[in-house]
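In the UniProt record's numbering, the protein residues as written are 1 to 298.
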């Protein structure tokens with residue numbers, strides 16, 4: 001199937017089947033035309049039936065450089081609708097934008113922890129207990145690797161490549177990525193694995209799971225939330241935090257120390273650079289300092 005034919009049929013579908021106005025049809029088809037133009041510019045010859053999510057991601061990454069958040073979300077939505085139509089007509093079995101995240105418009109990020117906040121939270125853990133050693137290793141891993149809470153609870157011993165300085169993380173859509181892990185976090189995980197975990201009555205099916213509860217089973221997401229909230233109360237932290245706050249803090253602190261967005265995107269496992277870009281707007285004070293320090297008209 002050629003792009004021109006697919007686009008023409010899609011326009012008729014929007015007009016006849018969905019009853020959209022001419023302006024709406026033009027808007028939807030314009031998103032596809034932008035993709036076609038990108039493919040032509042890059043000399044990529046591929047049909048709409050065979051185009052992959054990687055090529056779509058490349059297009060969105062380039063388009064995001066000149067679009068605001070709302071326009072980026074609109075572009076992704078328009079393309080997703082086009083490929084849903086191809087699935088509806090049995091031209092494709094999947095949507096290449098299924099795992100591509102749209103930027104959240106008007107979403108307020110949770111409070112970000114400072115380095116001092118994180119030190120205080122971890123410092124409040126009672127290390128005289130087995131659970132304390134485990135909790136320290138978990139929070140250090142959350143922060144130093146920028147993991148989602150589900151990625152933490154699903155972490156396997158077989159995913160730990162400490163000699164190489166990486167862990168293998170399984171994220172959304174079972175996508176895997178290698179994330180660097182610092183020496184101090186390796187040390188805390190090793191202490192837990194060698195001194196605490198062997199004394200648990202590990203249940204069948206959980207032999208390869210890193211972090212376990214007292215009954216030898218994988219920890220739940222709710223339990224991680226509870227542990228963090230209890231520590232926040234303990235140090236009288238006046239912020240609404242969750243496991244994801246550690247992930248936000250990881251990304252924000254990297255950005256503040258001049259890490260580039262593309263690297264942060266890869267570390268976080270974001271499908272779309274537009275999701276990562278929200279961190280640019282998180283710390284306006286830092287951005288002001290950057291302009292004042294580096295701009296020639298300071």
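Cβ coordinates follow ideal geometry from the N, Cα and C atoms, glycine included. From a predicted model like this one, the values you see are computed outputs, not experimental measurements.
Thinking C-beta only, is residue j closer than 8 angstroms to residue i?
{"i": "residue 246", "j": "residue 143", "result": "yes"}
{"i": "residue 96", "j": "residue 52", "result": "yes"}
{"i": "residue 32", "j": "residue 10", "result": "yes"}
{"i": "residue 83", "j": "residue 74", "result": "no"}
{"i": "residue 169", "j": "residue 179", "result": "yes"}
{"i": "residue 191", "j": "residue 133", "result": "yes"}
{"i": "residue 129", "j": "residue 219", "result": "no"}
{"i": "residue 35", "j": "residue 13", "result": "no"}
{"i": "residue 166", "j": "residue 186", "result": "no"}
{"i": "residue 49", "j": "residue 55", "result": "no"}
{"i": "residue 146", "j": "residue 250", "result": "yes"}
{"i": "residue 189", "j": "residue 137", "result": "yes"}
{"i": "residue 103", "j": "residue 72", "result": "yes"}
{"i": "residue 224", "j": "residue 198", "result": "no"}
{"i": "residue 202", "j": "residue 216", "result": "yes"}
{"i": "residue 253", "j": "residue 115", "result": "yes"}
{"i": "residue 117", "j": "residue 237", "result": "yes"}
Which residues bound the beta strand (DSSP E) around residue i?
{"i": "residue 170", "result": "166–170"}
{"i": "residue 215", "result": "Unbroken run through residue 215: none, as it is neither H nor E."}
{"i": "residue 32", "result": "It is not in any beta strand (DSSP E) - residue 32 instead sits in the alpha helix (DSSP H) that spans 22–41."}
Where does the unbroken alpha helix (DSSP H) through residue i begin, and where does it stop?
{"i": "residue 103", "result": "Where residue 103 is concerned, there is no enclosing alpha helix (DSSP H), given that its DSSP letter is neither H nor E."}
{"i": "residue 86", "result": "69–88"}
{"i": "residue 59", "result": "53–63"}
{"i": "residue 123", "result": "115–123"}
{"i": "residue 11", "result": "3–12"}
Let me make sure I understand the geometry here. Which of the options has the alpha-carbon closest to that of residue i?
{"i": "residue 177", "options": "20, 40, 160", "result": "160"}
{"i": "residue 156", "options": "58, 22, 193", "result": "193"}
{"i": "residue 269", "options": "7, 101, 216, 188", "result": "101"}
{"i": "residue 112", "options": "64, 271, 255, 266", "result": "255"}
{"i": "residue 196", "options": "253, 21, 127", "result": "127"}
{"i": "residue 2", "options": "16, 86, 19, 22", "result": "86"}
{"i": "residue 76", "options": "90, 30, 43", "result": "30"}
{"i": "residue 98", "options": "22, 227, 200, 78", "result": "78"}
{"i": "residue 81", "options": "222, 40, 7, 64", "result": "7"}
{"i": "residue 88", "options": "240, 17, 21, 64", "result": "17"}
{"i": "residue 40", "options": "4, 158, 262", "result": "4"}
{"i": "residue 214", "options": "271, 267, 135, 262", "result": "135"}
Exercise. Would you call the region 115–127 and the region 201–209 in contact, with 3 or more CB pairs under 8 angstroms?
Worked result: no
Exercise. Hey, is the region 15–28 in contact with the region 54–69, meaning 3+ C-beta pairs nearer than 8 angstroms?
Worked result: no
Exercise. Does the count of Cβ pairs from the region 230–238 and the region 156–176 closer than 8 angstroms reach three?
Worked result: no
Problem set entry | Every unbroken alpha helix (DSSP H) within the region 186–273, with a cutoff of 4 residues, ordered by chain | 221–234, 243–256, 261–268
Problem set entry | Every unbroken beta strand (DSSP E) inside the region 130–183 [3 residues or more] | 166–170, 176–180
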